[in-house]
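*Asks:*
Numbering (this note's numbering), first residue to last: 30 to 472.
(1) Please name the residue, chosen from 262, 180, 290 and 264, that lies closest to residue 275 on a Cα-to-Cα basis.
(2) Assuming residue 209 is part of the alpha helix (DSSP H), what are its boundary residues?
(3) Looking at the structure shown, is residue 53 part of a helix, part of a strand, or coil, going by DSSP?
(4) In three-state terms, what does DSSP make of residue 433?
(5) Taking contact to mean 3 or more Cβ pairs, one atom from each stretch, closer than 8 Å, check whether the stretch 230 to 237 and the stretch 100 to 117 are in contact.
(6) Straight-line CA distance for residue 410 to residue 361?
(7) In angstroms with no decimal places, state the Cα-to-Cα distance between residue 463 and residue 171.
(8) Quick check: the Cα distance between residue 153 and residue 218, rounded to an integer number of angstroms?
(9) What number of angstroms, rounded off, separates the C-alpha of residue 147 from the C-alpha of residue 364?
(10) I want to know whether the stretch 186 to 206 touches the stretch 93 to 106 - three or more CB-CB distances under 8 Å.
(11) Going by the CB atoms, is the gap between residue 110 and residue 413 shorter than 8 Å?
(12) Here's the rule I'm using: 16 or more other beta-carbon atoms within 10 Å means buried, otherwise exposed. How should residue 220 be labelled?
(13) What are the uninterrupted segments assigned as alpha helix (DSSP H) that are 4 or more residues long and contained completely in the stretch 135 to 197, given in chain order?
(14) Looking only at C-alpha atoms, which of 257, 303, 258 and 294 sits nearest to residue 269?
(15) Between the alpha carbons of residue 30 and residue 94, how many angstroms are there, rounded?
(16) The alpha helix (DSSP H) spanning residue 107 covers which residue range?
(17) Looking only at C-alpha atoms, which of 41, 285, 207 and 195 sits nearest to residue 92?
(18) Quick check: residue 137 and residue 232, are their CB atoms within less than 8 Å of each other?
(19) Just how far apart, CA to CA, sit residue 52 and residue 378?
(20) Taking the alpha helix (DSSP H) that residue 280 falls in, what are its first and last residues?
(21) Is residue 402 near residue 228, with beta carbons less than 8 Å apart?
(22) I want to know whether the stretch 250 to 267 touches the stretch 173 to 192 - three or more CB-CB distances under 8 Å.
(23) Among residues of its own chain, excluding the 5 on either side of residue 120, which ones have a beta-carbon nearer than 6 Å to its beta-carbon?
(24) Contact criterion: CB-CB distance below 8 Å. Does residue 164 meet it with respect to chain B?
(25) Alpha carbons only, please: which of 159, 108 and 123 is nearest the one belonging to residue 425?
(26) Starting from residue 375, trace the alpha helix (DSSP H) in both directions and tell me its first and last residue.
(27) I need the DSSP call for residue 127, collapsed to helix, strand or coil.
(28) If we require 4 or more residues per run, which alpha helix (DSSP H) segments fall completely within the stretch 257 to 318?
(29) I think residue 108 touches residue 281, with their Cβ atoms under 8 Å apart; what is that distance to the nearest whole Å?
(30) Between which two residues does the alpha helix (DSSP H) holding residue 67 run?
(31) Quick one: give me the first and last residue of the alpha helix (DSSP H) that residue 220 is part of.
(32) Expressed to the nearest angstrom, what Euclidean distance is found between the alpha-carbon atoms of residue 442 and residue 398?
(33) Report, in whole angstroms, the separation of the C-beta atoms of residue 210 and residue 283, which I expect to be a contact under 8 Å.
(34) Determine the DSSP secondary structure at residue 415, reduced to helix, strand or coil.
(35) Ignore the nearest five residues each way along the sequence and tell me which others in residue 420's own chain have a CB closer than 6 Å to its CB.
Here is the structure:
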């Protein structure tokens with residue numbers, strides 16, 4: 030790789046981390062780094078051409094923001110915010126508890142299944158963890174379930190909010206990488222179910238190996254009682270079928286399905302008696318704040334990506350990686366380690382927008398499918414949600430339990446290892462992610 034390009038790349042990387050280290054907002058840090066790439070690099074290196082920075086900034090930000098696909102992002106966020114303020118967690122615990130009593134691990138499976146269900150209407154890992162945790166964790170601890178296992182299973186299962194569609198992170202990746210959001214949503218189904226089975230399987234195995242740490246099952250209930258308890262799940266299941274089913278059936282785009290989801294969430298909230306003026310305004314403002322933050326980061330990333338493209342650094346890095354003859358698995362292992370390291374310091378959305386402009390040319394040069402890479406990157410971002418010191422799910426559980434964040438992280442360690450296994454399986458068997466969308470779109 031050209032020495033000047035190497036020096037320029039290291040300089041931009043140093044500038045970016047200097048801004049982040051100073052506490053500059055990520056969106057502004059990205060824009061300032063892009064400004065350095067457009068204005069400063071031509072001053073320092075003769076090989077770089079000068080470009081009008083105002084035109085590059087205007088066109089890149091406009092192209093990133095003027096996207097119909099991106100309109101789904103605030104709507105799905107709002108849907109999750111509305112449901113977060115309902116009695117959904119109580120309904121889930123009451124509806125699921127009778128069905129898991131006979132499984133090894135018993136009510137701890139409610140964490141996994143409940144998070145999987147809420148993930149299908151939330152798209153947010155932190156919201157999934159908080160919504161399920163505020164009901165299930167006190168109920169489990171009051172019944173004598175192992176505290177460390179209850180916390181760990183909730184933290185790990187909360188990450189399903191990123192993988193099971195509709196996923197906010199998938200939308201961000203799809204916009205940044207120009208990959209179909211619908212195909213990404215479909216591709217996340219089988220890996221999401223696989224992760225649910227890994228988590229529940231581990232809970233069952235742990236319970237079998239530690240029978241003294243699992244309380245006795247509740248008195249048996251009749252089928253009629255189970256069905257009556259499960260009737261509280263019908264509204265949320267209908268909402269899931271309406272939103273996700275309309276996407277998979279080709280009836281609606283992701284954005285149109287998001288509109289349906291918001292309408293359905295408002296109806297559920299009104300029907301449950303939790304839709305008040307205060308809750309409506311709180312959910313709307315929560316969605317606005319998070320959407321603005323993500324869009325600001327995307328705008329900064331778009332400008333930096335354009336600056337990097339003019340500097341030819343990503344292409345040069347991809348060519349250099351190709352010339353080294355690295356095995357594709359070595360590249361994936363290096364990227365996994367990089368994302369886990371980044372997850373110790375920044376959130377998942379920022380991880381994606383910071384790295385996608387450099388990672389995508391390398392991934393394409395190595396022969397990987399961008400759809401598959403979207404699922405891979407969501408999995409490793411999930412892992413970042415439970416890595417200290419800034420894993421979002423760890424903060425959520427710290428607030429729920431009052432535990433030290435590192436004790437929460439220690440309780441989550443087995444589920445982090447299960448995610449590592451999931452990444453390995455998706456890498457070795459890419460069809461886990463690509464088979465369903467290729468089958469549905471080829472028919």
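Cβ atoms here follow ideal geometry from the backbone N, Cα and C, with glycine treated the same way.
*Replies:* Working from what's here:
(1) On the chain shown, position 246 is the one that residue 275 refers to. Measuring from the Cα of residue 275, the nearest candidate turns out to be 290.
(2) Against the chain shown, residue 209 aligns to sequence position 180. Premise fails: residue 209 is in no alpha helix (DSSP H) and is neither H nor E.
(3) For this step, residue 53 is matched to residue 24 along the chain shown. In this structure, residue 53 counts as coil in the three-state DSSP scheme.
(4) In the chain shown, residue 433 corresponds to position 404, counting from 1. Looking at residue 433 - three-state DSSP - the assignment turns out to be coil, as it is neither helix nor strand.
(5) no
(6) The residue given as residue 410 occupies position 381 in the chain shown. The residue given as residue 361 occupies position 332 in the chain shown. The alpha-carbon atoms of residue 410 and residue 361 are separated by roughly 14 Å.
(7) Indexing the chain shown from 1 puts residue 463 at position 434. Indexing the chain shown from 1 puts residue 171 at position 142. Each residue's Cα considered, the two are about 43 Å apart.
(8) Looking up residue 153 in the chain shown gives position 124. Looking up residue 218 in the chain shown gives position 189. Taking the straight line from one Cα to the other gives about 16 Å.
(9) Numbered from its first residue, the chain shown carries residue 147 at position 118. Numbered from its first residue, the chain shown carries residue 364 at position 335. Going from the Cα of residue 147 to the Cα of residue 364 covers about 29 Å.
(10) These segments touch.
(11) Walking along the chain shown from the start, residue 413 turns up at place 384. Walking along the chain shown from the start, residue 110 turns up at place 81. No, Cβ-Cβ distance for residue 413 and residue 110 is not below 8 Å.
(12) For the purposes of this step, residue 220 is taken as residue 191 along the chain shown, with counting starting at 1. Around the CB of residue 220, 16 or more other CB atoms lie within 10 Å, so the residue is classed as buried.
(13) Segments of the alpha helix (DSSP H) lying fully in the stretch 135 to 197: 138 to 151, 154 to 171, 176 to 187 and 189 to 192.
(14) Locating residue 269 in the chain shown gives position 240, where the first residue counts as 1. The option with the nearest alpha carbon to residue 269 is 294.
(15) Here residue 30 is taken as the residue at index 1 of the chain shown, counted from 1. Here residue 94 is taken as the residue at index 65 of the chain shown, counted from 1. Confidence at residue 30 is low in this model, with a pLDDT of 48, below 50, so its placement is unreliable and the value that follows should be read with caution. Those two C-alpha atoms are separated by around 33 Å.
(16) The sequence position of residue 107 within the chain shown is 78, counting from 1. Where residue 107 is concerned, the enclosing alpha helix (DSSP H) stretches over 101 to 113.
(17) Within the chain shown, residue 92 is the residue found at index 63, counting from 1. Of the listed residues, the one whose Cα sits closest to residue 92 is 207.
(18) Along the chain shown, read from residue 1 onward, the residue named residue 137 stands at position 108. Along the chain shown, read from residue 1 onward, the residue named residue 232 stands at position 203. Going by C-beta atoms, residue 137 is nearer than 8 Å to residue 232.
(19) Position 23 of the chain shown, counting from 1, holds the residue named residue 52. Position 349 of the chain shown, counting from 1, holds the residue named residue 378. Cα to Cα, the separation comes out at about 17 Å.
(20) The sequence position of residue 280 within the chain shown is 251, counting from 1. Here residue 280 belongs to no alpha helix (DSSP H), and DSSP marks it neither H nor E.
(21) Position 373 of the chain shown, counting from 1, holds the residue named residue 402. Position 199 of the chain shown, counting from 1, holds the residue named residue 228. Here residue 402 is not near residue 228, since their CB atoms are 8 Å or more apart.
(22) no
(23) By one-based count along the chain shown, residue 120 stands at place 91. So the qualifying residues of the chain are 261.
(24) In the structure shown, chain B cannot be found, because there is only a single protein chain.
(25) As a first step, residue 425 must be located in the chain shown, where it is residue number 396. Measuring from the Cα of residue 425, the nearest candidate turns out to be 159.
(26) Taking the first residue of the chain shown as position 1, residue 375 is located at position 346. Unbroken run through residue 375: none, as it is neither H nor E.
(27) Within the chain shown, residue 127 is the residue found at index 98, counting from 1. Annotated three-state conformation of residue 127 is helix, per DSSP.
(28) 263 to 277 and 283 to 300
(29) Here the question's residue 108 lines up with position 79 in the chain shown. Here the question's residue 281 lines up with position 252 in the chain shown. Not quite, the Cβ-Cβ distance comes to about 14 Å (not below 8 Å), so this is no contact.
(30) The residue you call residue 67 lines up with position 38 of the chain shown. Looking at the DSSP string, residue 67 is not in any alpha helix (DSSP H), and its letter there is neither H nor E.
(31) Walking along the chain shown from the start, residue 220 turns up at place 191. For residue 220, the uninterrupted alpha helix (DSSP H) segment begins and ends at 218 to 238.
(32) One-based indexing of the chain shown puts residue 442 at position 413. One-based indexing of the chain shown puts residue 398 at position 369. Taking the straight line joining both Cα atoms gives about 30 Å.
(33) In the chain shown, counting from the first residue as 1, residue 210 sits at position 181. In the chain shown, counting from the first residue as 1, residue 283 sits at position 254. The pair is a contact, with the Cβ atoms about 4 Å apart (cut-off 8 Å).
(34) The residue labelled residue 415 in the question sits at position 386 within the chain shown. In the structure shown, residue 415 sits in coil (DSSP, three-state: anything other than H, G, I, E or B).
(35) The sequence position of residue 420 within the chain shown is 391, counting from 1. Excluding positions up to five away in sequence, the list reads 414.
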